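Numbering (the UniProt record's numbering), first residue to last: 1 to 45.
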């Protein structure tokens, strides 16, 4: 789970596949990552 959040925040690169949040691919150059990050959160246990 933490690796997924790191990939969404572009802190850790991924080699295969694609991450899509609400129909928006994070690997597209036109994606507004700051806006996307504001809609994604992490709940610690």
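A virtual CB, placed ideally from N, CA and C, is assigned to each residue, including glycine.
Just so it is clear, the structure is predicted and the values come from calculations on it, not from any experiment.
- prompt: Whose C-beta lies closer than 8 Å to the C-beta of residue 7 among residues of the same chain, with five residues either side of it excluded?
  reply: Within the same chain, residue 7 has close Cβ partners 13, 14, 19 and 26.
task: State yes or no: is the C-beta of residue 36 within less than 8 Å of the C-beta of residue 21?
output: In contact: residue 36 and residue 21 (Cβ atoms closer than 8 Å).
7 Å CB neighbourhood of residue 40 in its chain, flanking five on each side removed: Excluding the 5 residues flanking it on each side, residue 40 has same chain C-beta neighbours closer than 7 Å at 8 and 21, in chain order.
message: Which residues does DSSP list as the beta-bridge partners of residue 24?
response: Bridge partners of residue 24: 21.
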